[in-house]
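J.: According to the numbering used here, the stretch in the sequence shown is residues 1330 to 1705, in order.
Below is the structure I would like to discuss, written out as structure tokens.
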Amino acid sequence: MKWTMLLPLALLAVGSEVSASDAHREAFGKLPDGTAVEAVTLTNHRGMSARVLAWGAILQKLVVPGKNGPGDVVLGYDTMDGYLKAPNYFGATVGRYANRIAKGRFTLDGKEYKLAINDGPNALHGGRKGFDKQLWTIAKVTSGRDSASVTFTRTSPDGEEGYPGTMQLSATFTLTENNELQVDYRATTDKPTIANITNHSYFNLAGPASGRSATELVVTMPAASYTPVGTTLIPTGEIRSVAGTPFDFRTPRRVADRVRDGRDEQIRIGRGYDHNWVVTKAPTPSVHLMARVKDPVSGRVMDVLSNQPGVQFYTGNFLDGTAVGKGGTIYRQGDGLCFEPQVFPDTPNQPAFGSARVEPGQTYENRIVYRFSTAK
Ligand code: GLA
């Protein structure tokens, strides 16, 4: 056989090599005590890349193609300094319990647990030093034909921030050649406990440096109801229909159309949207669609899917221009949209919301998929 006959085969081999997704590990910065913080960048061959930090398992950068080229679509910082000084949960992995627990108290098997109070009278996002303010271990980095991934692990000790049980945690970020970033949060425990682990990325599909507010984006959410809140943002317990309110996103709506509608008391309390939409009754075996976001200018479209029952839609209402983010851009109210798949806020105190309980032998799992495409 002539060597030229082997050429197509050789090209095939080279081709598959070239089309493999890539994972690249590098230094990102240092903690005040000198500990190094590494980052892993996942890159595919369809124009996407994602950089995730070992600090807080934070999604620091997410480059997504658009009609006029690629752009970074998440808020965050260029250096560790920003994440340490004004974290704002930018891109962060939050837990053990994302969102609020009323007065930082809950009861499990007759015993009351007291959590750190860090948001008015309530506990928020896992406490003073939640999962977002911890160094995770880079346990596994993979790259292959269809995807590249990084897995971070961490042991959350018994009693950390007041929560019972030692938890073994993992956070896996997978970038696929289908332009999906999949985030898998898993946790096991040695004692009954509670968990609600999610990602707190602020998205602006226009690109946060574009000067366009994320409230210009068009959002669709299939949920027919949401959980209204009291003045400290704890759900009242009511499950309210979105029909006829600014909370109805069942047909595509520009966020700006109603985010300032002060005729609605819930918009006033939240200073915009900062509420949990009720997508399903309980976690589902596979993922379901929670939200679709579209930027009419860049054509970027993002679908958010998860197996969780609720999604917190937060319009960055507390961003006040004091955080100087990537490229020296200051972040103002409405500059990013958060879609946080979760069990409903304060579930441990609201039996009608279901359960956040995790038993020994059981694996807690929140699978989140951010799926990107470009509309013409
Ligand atoms: C969540 C909460 C908000 C706020 C942000 C972080 O989305 O619901 O009230 O705390 O996190 O700033």
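We put the beta carbon where it would ideally sit given N, CA and C, even for glycine.
Fair warning: this is a prediction, and the values are worked out from it, not measured in the lab.
1. Going by DSSP in three states, lysine 1705 sits in which element: helix, strand or coil?
2. Helix, strand or coil for arginine 1589, going by three-state DSSP, please let me know.
3. Report back the beta-carbon spacing between asparagine 1507 and leucine 1388 to the nearest angstrom; my notes put them in contact at under 8 angstroms.
4. Straight-line CA distance for glutamate 1567 to lysine 1432?
5. Relative to ligand 1, is the shortest distance from any of its heavy atoms to the C-beta of arginine 1429 smaller than 8 angstroms?
6. Thinking C-alpha only, which one of Arg1457, Thr1503, Val1626, Gly1657 is nearest tyrosine 1418?
7. Should aspartate 1632 be listed as close to ligand 1, given that the test is whether its C-beta is under 8 angstroms from any heavy atom?
8. With C-beta atoms as the reference, is leucine 1444 less than 9 angstroms away from glycine 1654?
9. Could you tell me the boundaries of the beta strand (DSSP E) in which leucine 1498 lies?
10. Would lysine 1396 and lysine 1705 be called neighbours here (beta carbons separated by less than 9 angstroms)?
11. Which runs of the beta strand (DSSP E) spanning at least 3 residues fall entirely within the segment 1495 to 1578, listed in chain order?
12. Using only the alpha-carbon positions, how far apart do serine 1615 and glutamine 1637 sit?
13. Taking the C-alpha atoms as reference points, what is the distance between alanine 1379 and threonine 1372?
14. How long is the line joining the alpha carbons of serine 1345 and glycine 1473, rounded to whole angstroms?
15. Between isoleucine 1467 and glycine 1424, what straight-line distance do the alpha-carbon atoms span, to the nearest angstrom?
16. Check threonine 1466 in the structure and name its three-state DSSP category.
17. For aspartate 1410, which three-state DSSP category applies?
18. Enumerate in chain order the residues of its own chain whose CB-to-CB distance from glycine 1559 is below 6 angstroms, with the five nearest sequence positions on each side excluded.
19. Nearest by alpha-carbon distance to aspartate 1664: which of Phe1647, Val1608, Pro1680 is it?
20. Would you mind sorting glutamine 1691 into buried or exposed? The rule is 16 or more other CB atoms within 10 Å of its CB.
21. Given this structure, state the Cα-to-Cα distance separating threonine 1370 from threonine 1561, to the nearest angstrom.
22. Got a sec: does ligand 1 put a non-hydrogen atom nearer than 8 angstroms to the Cβ of glutamate 1490?
23. With arginine 1597 as the anchor, note down where its alpha helix (DSSP H) starts and where it stops.
24. Using a threshold of 8 angstroms, is the CB atom of leucine 1453 nearer than that to any non-hydrogen atom of ligand 1?
25. Work out the CA separation of leucine 1453 and tyrosine 1426 for me, nearest whole Å.
26. Which residues bound the beta strand (DSSP E) around glutamine 1671?
27. Judging by CA-CA distance, which residue of Phe1576, Lys1462, Val1548 is the nearest neighbour of phenylalanine 1532?
28. By a C-beta neighbour count over all protein chains shown, 10 Å radius and 16 as the cutoff for buried, is proline 1337 buried or exposed?
T.: On the basis of the coordinates in this document:
1. The count along the sequence shown starts at 1 and reaches residue 1705 at position 376. Coil at lysine 1705, not helix or strand.
2. Here the question's residue 1589 lines up with position 260 in the sequence shown. If DSSP states are grouped into helix, strand and coil, arginine 1589 belongs with coil.
3. Position 178 of the sequence shown, counting from 1, holds the residue named residue 1507. Position 59 of the sequence shown, counting from 1, holds the residue named residue 1388. Not really, about 18 angstroms apart at Cβ, beyond 8 angstroms.
4. As a working mapping, residue 1567 is identified with position 238 in the sequence shown. As a working mapping, residue 1432 is identified with position 103 in the sequence shown. Distance between the alpha carbons of glutamate 1567 and lysine 1432: 19 angstroms.
5. Reading the sequence shown from its first residue, position 100 is the one you call residue 1429. A distance criterion of 8 angstroms places the beta-carbon of arginine 1429 in contact range of ligand 1, judged by its closest non-hydrogen atom.
6. Numbered from 1 along the sequence shown, position 89 holds the residue referred to as residue 1418. Shortest Cα-Cα distance from tyrosine 1418 to any of Arg1457, Thr1503, Val1626, Gly1657 involves Arg1457.
7. Within the sequence shown, the letter at position 303 stands for residue 1632. No, the beta carbon of aspartate 1632 sits no closer than 8 angstroms to any heavy atom of ligand 1.
8. On the sequence shown, position 115 is the one that residue 1444 refers to. On the sequence shown, position 325 is the one that residue 1654 refers to. Taking 9 angstroms as the Cβ cut-off, leucine 1444 and glycine 1654 do not qualify as a contacting pair.
9. Working through the sequence shown from its first residue, we reach residue 1498 at position 169. Element bounds for leucine 1498: 1496 to 1505.
10. In the sequence shown, the residue the question calls residue 1396 occupies position 67. In the sequence shown, the residue the question calls residue 1705 occupies position 376. Remark: C-beta atoms of lysine 1396 and lysine 1705 approach each other more closely than 9 angstroms.
11. The beta strand (DSSP E) runs of length 3 or more contained entirely in the segment 1495 to 1578 are, from start to end of the chain, 1496 to 1505, 1509 to 1518, 1547 to 1549, 1554 to 1556.
12. Residue 1615 sits at position 286 when you count from the first residue of the sequence shown. Residue 1637 sits at position 308 when you count from the first residue of the sequence shown. Whole-angstrom Cα-Cα distance: 9 angstroms.
13. Stepping through the sequence shown from its first residue, residue 1379 is reached at position 50. Stepping through the sequence shown from its first residue, residue 1372 is reached at position 43. Going from the Cα of alanine 1379 to the Cα of threonine 1372 covers about 7 angstroms.
14. In the sequence shown, counting from the first residue as 1, residue 1345 sits at position 16. In the sequence shown, counting from the first residue as 1, residue 1473 sits at position 144. Since pLDDT at serine 1345 reaches only 43, below the 50 mark, its modelled position is unreliable, and the value read off the structure follows with that caveat. Cα-Cα distance, rounded: 9 angstroms.
15. Taking the first residue of the sequence shown as position 1, residue 1467 is located at position 138. Taking the first residue of the sequence shown as position 1, residue 1424 is located at position 95. If you take the alpha carbons of isoleucine 1467 and glycine 1424, they lie about 18 angstroms apart.
16. Counted from its first residue, the sequence shown places residue 1466 at position 137. Strand.
17. The residue you call residue 1410 lines up with position 81 of the sequence shown. In the structure shown, aspartate 1410 sits in a helix (DSSP, three-state: H, G or I).
18. Numbered from its first residue, the sequence shown carries residue 1559 at position 230. Excluding residues up to 5 positions away in sequence, Thr1565 lie with their Cβ nearer than 6 angstroms to the Cβ of glycine 1559 in the same chain.
19. On the sequence shown, residue 1664 is found 335 positions in, with the first residue counted as 1. Considering only alpha carbons, the answer is Phe1647.
20. Taking the sequence shown and counting its residues from 1, the one referred to as residue 1691 is at position 362. Glutamine 1691 is classed as exposed because its beta carbon has fewer than 16 other beta carbons within 10 Å across all chains shown.
21. Along the sequence shown, read from residue 1 onward, the residue named residue 1370 stands at position 41. Along the sequence shown, read from residue 1 onward, the residue named residue 1561 stands at position 232. Answer to the nearest angstrom: the Cα atoms are 38 angstroms apart.
22. By one-based count along the sequence shown, residue 1490 stands at place 161. Every heavy atom of ligand 1 is 8 angstroms or more from the Cβ of glutamate 1490, so no.
23. Here residue 1597 corresponds to residue number 268 of the sequence shown, with the count starting at 1. Start and end: 1594 to 1599.
24. On the sequence shown, position 124 is the one that residue 1453 refers to. True, at least one ligand heavy atom lies under 8 angstroms from that Cβ.
25. For the purposes of this step, residue 1426 is taken as the residue at position 97 of the sequence shown. For the purposes of this step, residue 1453 is taken as the residue at position 124 of the sequence shown. Each residue's Cα considered, the two are about 8 angstroms apart.
26. In the sequence shown, the residue the question calls residue 1671 occupies position 342. DSSP places glutamine 1671 in the uninterrupted beta strand (DSSP E) bounded by 1666 to 1671.
27. Position 203 of the sequence shown, counting from 1, holds the residue named residue 1532. Distances from the alpha-carbon of phenylalanine 1532 to those of Phe1576, Lys1462, Val1548 put Val1548 closest.
28. In the sequence shown, the residue the question calls residue 1337 occupies position 8. Unreliable placement is indicated for proline 1337, whose pLDDT of 47 sits below 50; the coordinate value is still reported in the next sentence. It counts as exposed.
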